[in-house]
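> End of the sequence shown sits at 47 in UniProt numbering; the numbers just go up one at a time, nothing left out. Even for Gly, the Cβ is constructed at its ideal location relative to N, Cα and C. Here it is, the structure, as structure tokens.
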Amino acid sequence: MRNAAYMIKNTSDSINAICGLCGFDDHSYFSKAFKEAYGYSPRDFRK
């Protein structure tokens with residue numbers, strides 16, 4: 001999840017691409033797990 005957070009903040013890769021690169025097949029599950037870990041959705045975290 002730390003790698004995902006780093007990529008969200010420091011790359012212009014899409015959230016879907018980052019999701020796949022981090023080993024998640026299900027975008028919805030990735031978003032839920034990310035929000036549980038960081039308190040923000042991946043999209044909101046990028047802002």
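1. Looking only at its chain, what residues have a beta carbon closer than 7 Å to the beta carbon of K35, apart from the 5 residues adjacent to it on each side?
2. Would C22 and N10 qualify as a contact pair, given that the criterion is a beta-carbon distance under 9 Å?
3. Going by DSSP in three states, K32 sits in which element: helix, strand or coil?
4. Please state whether the Cβ-Cβ distance between Y38 and A5 is less than 9 Å.
5. Going by DSSP in three states, Y38 sits in which element: helix, strand or coil?
In terms of the structure at hand:
1. S41, listed in sequence order.
2. C22 places its beta carbon 9 Å or farther from that of N10.
3. K32: helix per DSSP, three-state reduction.
4. A Cβ-Cβ contact shorter than 9 Å links Y38 with A5.
5. Residue state, collapsed to three classes: helix.
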